[in-house]
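Everything on this sheet refers to the single structure shown next.
Chains as they are written, first to last, in the working numbering: chain G, 11 to 318; chain R, 9 to 459.
Written as structure tokens, this is what we have:
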């Protein structure tokens, strides 16, 4: 641990190396409780989940009393499972389309427009966008269900225009949940980008303007490179959030019809709790964690690149 | 070194606090005993809650110093089963007495959740009043008894007389074959294109309802079955399975049933009971003997005219072969938790909850088929609704689900097959082939037989 203040360094200099390292270790002591708590409530469940994925643990039956170690059986089963590959693919589609493209790009766009527009318009738009974000997920999910369902708001609006709407949740389940997730999550990206854009020095932009750079050029060569770190952080957060989305999908489509919107969290829930197969369910959850780590590693590189 | 000591002491304090919080549930003094009862309660299912409220009063009055702690779980059948199984995993949360679905008894006995009741039942004088067939519902694979049945049910065709009359179908209606059903449904459609002639559940939305109130009535009427009890193997590759899927496909393709989108909505049954049948927009559906509980006074969809407007018919076999009809039965039981600290007290409460008075109230309020012979012969039970006799007679042609630990997964595979067929994703033959493949994968080749 680095000790940046000269005051501390002055004190250390008068002690022997052994005393110094002891002191340094003691300085970590106040952090120990929080590390213990983190380990207890965050790491332990993850570790347990990894462990359970190598067993045939179940909610009922013989395996509920004596779960057996089955090695990689649960992971091998994924390869032959007819739903798993589809489900993994849908999860990636859901994350890329609704978070990386939808929430991220729309959030940035709204933030840019808000910096240009007047205060009243900006706060009006901001309130409308943030409203969906502050709703509890279960409420947002029911709102989205009420909007897209067969006799829902969307079809009533279309009806007024004389258009017969489709049964969206049945005919286009993925599109509906992607749109719902964009609606719900855009506010977060917008807030991140509002904060980042306010940090872009005005004079650089103005200098570029003087040099004859157009709007797109200033965005691509000045604004975006400056806020690159915020972009990576935002992408990381919304990706992890979207990977874990369950309530929204469960309420809107429950993964159907015929598994057309079964993402990995929905599949893991079905296997673990609907079918009582805890072992296989936790194996799916473990794969989900791995996917999150892959995305995370990519973003961490982006952030490092931004800093260097 | 003073500071580290102080920090260390503080740290110990934190750990101690955490530890004490984790072990705060210490055994309580024995002078005041509490038994915990876990059961299901929903907006449309309060009959059991009433029984337990009454039993609590009765029991506490008779047993001074004992408190009955009622813990209803607000959930549908699936989620109730999950929550119950989760609560069984720790002695702190495990119930003393609980409400248990018959088809889960065997696998939960395997899991060690249920207390063996053989000696208690042998000493209980009212046990002889229970129907012999119904007693088997609480039997584990080891032959011992683990649960006491509360009531059972059967499935039948419920039809709206006015819709059938309009289509010129003579009443009372009793189709003899599957073709009779299709012929009648086509007539209804021709007479009024606005009605849904014959509803049968399909797909995963209605869950266990899809198999209990639809697919098995078809499958068991072909002479085929899901599981061979004598061989202890799952049946695959049967013509009956494909034929049953084909029948559903015909119903949905010719728009004789609800739309596939409605079928996949897990709330479709609410529309069947609450709107379509009472409003004369549906000709017939396959549903349980408990149907009148929704319509009678105090039910979720009160409908004073149901006794005159509705009729009940036996679901026919495929070509009218013996025994001429088919039904499915399930039902629920009460069991004592294996982790209970006072099994005798728990059993005593259980017997209070299923005594004649409480069993009668439950069977009447929930339109259950009585499993106690003294309740079955009670005039109050026989007058509960006009259909009691018809649906009780179906016990003669009924089937039970194979209550093995694999069953829930097999059930899901069947639901998946029906969903693939009604949405047009697969043909009946393709869906049946996929079902065969998934059964083999789920239970292993050695536990599968071709028939």
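Glycine is no exception: its CB is placed at the ideal position from the N, C-alpha and C atoms.
Keep in mind the model is a prediction, meaning the values are calculated, not measured.
Those residues which DSSP pairs with residue i across a bridge
{"i": "residue 438 of chain R", "result": "Note: residue 438 of chain R sits in no beta bridge, so no partner."}
{"i": "residue 77 of chain R", "result": "R:44"}
{"i": "residue 340 of chain R", "result": "R:109 and R:159"}
{"i": "residue 204 of chain R", "result": "R:290"}
{"i": "residue 296 of chain R", "result": "R:163"}
{"i": "residue 321 of chain R", "result": "R:165"}
{"i": "residue 53 of chain R", "result": "R:50"}
{"i": "residue 220 of chain G", "result": "Answer is none; residue 220 of chain G lacks a bridge partner."}
{"i": "residue 443 of chain R", "result": "Note: residue 443 of chain R sits in no beta bridge, so no partner."}
{"i": "residue 59 of chain R", "result": "Looking at the DSSP assignment, residue 59 of chain R forms no beta bridge with any residue, so it has no partner."}
{"i": "residue 235 of chain R", "result": "R:242"}
{"i": "residue 138 of chain R", "result": "R:380"}
Where residue i meets chain R, residues with beta-carbon distance less than 9 Å
{"i": "residue 90 of chain G", "result": "449"}
{"i": "residue 55 of chain G", "result": "Here the premise fails: no neighbours, minimum Cβ distance about 15 Å."}
{"i": "residue 319 of chain G", "result": "As shown, chain G starts at 11 and ends at 318. That puts residue 319 of chain G outside it, with no answer to give."}
{"i": "residue 66 of chain G", "result": "Within chain R, no residue comes near residue 66 of chain G; the closest Cβ sits about 11 Å away, beyond 9 Å."}
Interface partners of residue i on chain G, CB under 8 Å
{"i": "residue 137 of chain R", "result": "Correct list: empty, because the minimum Cβ distance to chain G is about 30 Å."}
{"i": "residue 263 of chain R", "result": "The contacting residues do not exist; residue 263 of chain R stays about 15 Å from chain G at best."}
{"i": "residue 272 of chain R", "result": "180, 266 and 267"}
{"i": "residue 115 of chain R", "result": "70 and 71"}
{"i": "residue 428 of chain R", "result": "268"}
{"i": "residue 282 of chain R", "result": "Per Cβ cutoff of 8 Å: no residues; residue 282 of chain R is ~15 Å from chain G at best."}
{"i": "residue 417 of chain R", "result": "285 and 287"}
{"i": "residue 90 of chain R", "result": "69, 283, 284 and 286"}
{"i": "residue 253 of chain R", "result": "Within 8 Å Cβ-Cβ: nothing; residue 253 of chain R doesn't reach chain G, min ~14 Å."}
{"i": "residue 6 of chain R", "result": "No answer is possible for residue 6 of chain R: the residues shown for chain R start at 9 and end at 459."}
Residue closest to residue i, alpha-carbon to alpha-carbon, out of the options
{"i": "residue 311 of chain R", "options": "R:79, R:168, R:220 and R:155", "result": "R:168"}
{"i": "residue 202 of chain G", "options": "G:122, G:254, G:46 and G:66", "result": "G:122"}
{"i": "residue 409 of chain R", "options": "R:402, R:418 and R:359", "result": "R:418"}
{"i": "residue 45 of chain R", "options": "R:71, R:73 and R:92", "result": "R:92"}
{"i": "residue 289 of chain G", "options": "G:137, G:207, G:44 and G:65", "result": "G:65"}
{"i": "residue 209 of chain R", "options": "R:273, R:364, R:191 and R:158", "result": "R:273"}
{"i": "residue 325 of chain R", "options": "R:268, R:406 and R:75", "result": "R:406"}
{"i": "residue 460 of chain R", "options": "G:287, G:179, G:301 and G:300", "result": "Beyond the ends of chain R as shown, which are 9 and 459, falls residue 460 of chain R; an answer cannot be given."}
{"i": "residue 400 of chain R", "options": "R:376, R:119 and R:323", "result": "R:376"}
{"i": "residue 58 of chain R", "options": "R:436, R:372, R:425 and R:433", "result": "R:372"}
{"i": "residue 348 of chain R", "options": "R:301, R:427 and R:120", "result": "R:120"}
{"i": "residue 67 of chain R", "options": "R:354, R:393, R:424 and R:369", "result": "R:354"}
{"i": "residue 176 of chain G", "options": "G:302, G:300, G:160 and G:270", "result": "G:160"}
{"i": "residue 165 of chain R", "options": "R:234, R:294, R:78 and R:279", "result": "R:294"}
{"i": "residue 340 of chain R", "options": "R:130, R:370 and R:257", "result": "R:370"}
{"i": "residue 205 of chain R", "options": "R:285, R:213 and R:129", "result": "R:285"}
{"i": "residue 86 of chain R", "options": "R:76, R:422, R:215 and R:304", "result": "R:215"}
{"i": "residue 309 of chain R", "options": "R:297, R:327, R:277 and R:218", "result": "R:277"}
{"i": "residue 199 of chain G", "options": "G:135, G:273 and G:119", "result": "G:119"}
7 Å Cβ cut-off: residues of chain G touching residue i
{"i": "residue 431 of chain R", "result": "267 and 268"}
{"i": "residue 86 of chain R", "result": "284"}
{"i": "residue 495 of chain R", "result": "Limits of chain R in this structure are 9 at one end and 459 at the other, which puts residue 495 of chain R out of reach."}
{"i": "residue 164 of chain R", "result": "Near residue 164 of chain R there are no residues of chain G at all, since even the closest Cβ is about 28 Å away, more than 7 Å."}
{"i": "residue 93 of chain R", "result": "69, 70 and 286"}
Contact belief for residue i with residue j at Cβ below 8 Å, rounded distance in angstroms
{"i": "residue 204 of chain G", "j": "residue 88 of chain G", "result": "Rounded, the Cβ-Cβ distance is 41 Å, inconsistent with contact."}
{"i": "residue 194 of chain R", "j": "residue 335 of chain R", "result": "25 Å between Cβ atoms; not a contact."}
{"i": "residue 367 of chain R", "j": "residue 115 of chain R", "result": "That pair is no contact at about 26 Å."}
{"i": "residue 342 of chain R", "j": "residue 158 of chain R", "result": "6 Å"}
{"i": "residue 211 of chain R", "j": "residue 426 of chain R", "result": "6 Å"}
{"i": "residue 113 of chain R", "j": "residue 154 of chain R", "result": "6 Å"}
Residues that residue i contacts on chain R, provided the C-beta gap is smaller than 8 Å
{"i": "residue 254 of chain G", "result": "Those do not exist, as residue 254 of chain G stays about 20 Å from chain R at its closest Cβ, beyond 8 Å."}
Neighbour list for residue i in chain C, Cβ cutoff strictly below 9 Å
{"i": "residue 168 of chain G", "result": "You won't find chain C in this structure, because its protein chains are G and R."}
Proximal residues of chain R, C-beta to C-beta of residue i below 7 Å
{"i": "residue 60 of chain G", "result": "Residues of chain R passing the Cβ test: none, with the nearest at roughly 19 Å."}
{"i": "residue 160 of chain G", "result": "269"}
{"i": "residue 177 of chain G", "result": "269"}
Proximal residues of chain G, C-beta to C-beta of residue i below 9 Å
{"i": "residue 315 of chain R", "result": "The contacting residues do not exist; residue 315 of chain R stays about 31 Å from chain G at best."}
### Members of the segment 72 to 86 of chain G that neighbour chain R once the beta carbon cut-off is set at 9 Å
72, 73, 74 and 75
#### Entry: the segment 287 to 313 of chain G: positions lying closer than 9 Å to chain R by Cβ
287
### Message
Beta carbons nearer than 7 Å to chain G: which residues of the segment 340 to 362 of chain R have them?
### Response
none
### Residues from the segment 106 to 135 of chain R in contact with chain G, defined by Cβ distance under 7 Å
Under the 7 Å Cβ criterion, the segment 106 to 135 of chain R contributes 112, 115, 116, 118, 119 and 120.
### Message
Give me the subset of the segment 211 to 238 of chain R whose CB atoms are less than 8 Å from a CB atom of chain G, sorted by chain position.
### Response
211, 212 and 213
### Task
May I ask you to list, following chain order, the residues of the segment 177 to 197 of chain R that have a beta carbon less than 7 Å from some beta carbon of chain G?
none
### Positions along the segment 396 to 413 of chain R whose CB lies within less than 8 Å of some CB in chain G
Listed in sequence order: 413.
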